[in-house]
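In this note's numbering, the protein residues as written are 8 to 163. The C-beta atom is built at its ideal place from N, Cα and C for all residues, glycine as well. Note sheet for the following structure.
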């Protein structure tokens, strides 16, 4: 599985959203849901747990929620999700339930990754939906944003 120019452009936008999250004191994760064929952005999100004081305000969750509102349906079969960090179990469950067609992610998450690292929820044959997964797109840029963010926190 390979990435297209569109996937790379959407990951670049997700990285911009991650920067906005970091500027707000949030863990720098950004996500974009887009129509795989046309490239139309359906929803964007960035982490907002601290700002909103809501545990579910992960970038993927916000982007999927907005995408569903945009198309007026909960099924995102023809959509792709570009996210800077490997989705956690909560977000992976949402991705499966929303029937997202493809997931492109940047950095692996050794503490909560539910796509490849700790679990493989998006490709688990026991579930009713599976996604195409492309890992490691802009992985170093994504990881560097996280390292820098947590280094600043430790300095405080």
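- Within the region 81 to 162, the complete alpha helix (DSSP H) segments of 4 residues or longer fall at 96 to 104 and 146 to 162, listed in chain order.
- Residue 102 holds the alpha-carbon nearest to the alpha-carbon of residue 140 among 68, 102, 150 and 133.
- One Cα belongs to residue 53, the other to residue 95, and the distance between them is close to 14 Å.
- Between residue 10 and residue 20, the alpha-carbon positions lie close to 15 Å from each other.
- Counting C-beta pairs closer than 8 Å gives fewer than three between the region 70 to 86 and the region 119 to 129, which falls short of the contact rule.
- Residue 145 counts as buried, since at least 16 other C-beta atoms from the protein chains shown sit within 10 angstroms of its C-beta.
- Across the structure, residue 44 and residue 134 are spaced so that their CA atoms are roughly 25 Å apart.
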